[in-house]
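See structure below.
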Amino acid sequence: MDDDDVTPHLKCDIELNLAGPSHATVNKWTADVLRKLADRIEKDEFETGHHPVKDNVGKPVGTIYLDHYGESI
Numbered sequence: 008m009d010d011d012d013v014t015p016h017l018k019c020d021i022e023l024n025l026a027g028p029s030h031a032t033v034n035k036w037t038a039d040v041l042r043k044l045a046d047r048i049e050k051d052e053f054e055t056g057h058h059p060v061k062d063n064v065g066k067p068v069g070t071i072y073l074d075h076y077g078e079s080i
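Counting from 1, position 2 in the sequence shown corresponds to residue 9 in the working numbering; the numbering is continuous, with no gaps.
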């Protein structure tokens with residue numbers, strides 16, 4: 008089977024847990040973390056597996072799991 012017969016797939020699970028002084032602040036921090044993750048995914052910086060997620064100051068705020076796989080067409 009060659010690569011033309013395989014459709015790439017990505018399963019992605021993100022779990023975040025942030026706390027802050029207001030809902031608006033927590034929403035902004037969460038959006039900042041998600042934008043950073045999106046940039047890293049687009050740059051192919053993650054291999055398959057679980058990875059820690061940190062906020063803009065380096066504090067752990069959750070995990071991301073990615074599974075890169077292919078299915079035959």
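Virtual Cβ for every residue (Gly too), placed ideally from N, Cα, C.
Inset, instruction - Name the one or two DSSP bridge partners that ASP74 has. - result: The partner list for ASP74 (beta bridge, DSSP) reads LYS18.
Inset, instruction - Using 10 angstroms around the beta-carbon of VAL64, count the other beta-carbons present and answer buried if the total reaches 16, otherwise exposed. - result: VAL64 should be labelled exposed.
Legend entry - Contacts around ASN24, its chain only, beta-carbon distance under 8 Å, and the 5 residues preceding and following it disregarded: Closer than 8 Å at the Cβ level, and outside the excluded window around ASN24, lie VAL68, GLY69.
Inset, instruction - Could you have a look at SER23 and say whether DSSP puts it in helix, strand or coil? - result: Residue identity differs from the one stated: residue 23 is Leu in this sequence, not Ser. If DSSP states are grouped into helix, strand and coil, LEU23 belongs with the strands.
Legend entry - Residue(s) in a DSSP beta bridge with GLY56: Answer by DSSP bridge pairing, in chain order: LEU73.
Inset, instruction - Pick helix, strand or coil for VAL40, following the three-state DSSP scheme. - result: Residue state, collapsed to three classes: helix.
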